[in-house]
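Undergrad: Sequential numbering from -2 applies to the sequence shown in the numbering used here.
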Amino acid sequence: MGFLFLFTFGGFTGLVLASAALDVSFHDSYFVVGHFHYVLSLGAVYSIFAGFYHWFTMITGCFYNEILGKIHFVTFFISSNLIFFPMHLAGIPGHPRRIPDYPTIFYKLH
-2 MGFLFLFTFG GFTGLVLASA ALDVSFHDSY FVVGHFHYVL SLGAVYSIFA
48 GFYHWFTMIT GCFYNEILGK IHFVTFFISS NLIFFPMHLA GIPGHPRRIP
98 DYPTIFYKLH
């Protein structure tokens, strides 16, 4: 469910990037970086974790602790959103990517 939520959110940001008027201002900004991380990076990582939790019992013959699994999911879901969502907020006013020195207005989002 976490994968579906994050992939859908990343897909909606892709629709924003598909708009020609907005793509001009968002091109080479942190908005593109946030979109990339939501769709590709988090999609791959959540799929790896889902596969691990599904196959762990079959491969090892041991059951994992479900409470720890739920704690892992909740902390990973919240922390990944806290890390990657501010990239969208930084990209809307035009925070450039691939530039090590940035204006001071973007300091809090870093």
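Idealized CB from N, CA, C, for every residue including glycine.
It should be emphasised that the depicted structure is a prediction, and the values quoted were computed from it without experimental measurement.
1) Between the Cα of H85 and the Cα atoms of A18, G(-1), H24, which residue gives the shortest distance?
2) Where does P83 sit, in a helix, a strand or coil, going by DSSP?
3) Could you have a look at S26 and say whether DSSP puts it in helix, strand or coil?
4) Less than 9 Å between the beta carbons of S16 and H92, yes or no?
5) Distance, Cα to Cα, L12 vs A87?
6) By Cβ distance below 8 Å, which residues in the same chain neighbour G66 in space, the five residues on each side in sequence not counted?
7) Use the C-beta contact count for F60: other C-beta atoms within 10 angstroms, 16 or more gives buried, fewer gives exposed.
TA: On the basis of the supplied data:
1) With distances taken between Cα atoms, H85 lies closest to H24.
2) Here P83 sits in helix by DSSP.
3) Looking at S26 - three-state DSSP - the assignment turns out to be strand.
4) In this structure, S16 lies away from H92, with their beta-carbon atoms at least 9 Å apart.
5) If I take the Cα positions, the gap works out to 18 Å.
6) Taken in chain order, the residues that qualify are Y50.
7) So F60 counts as exposed.
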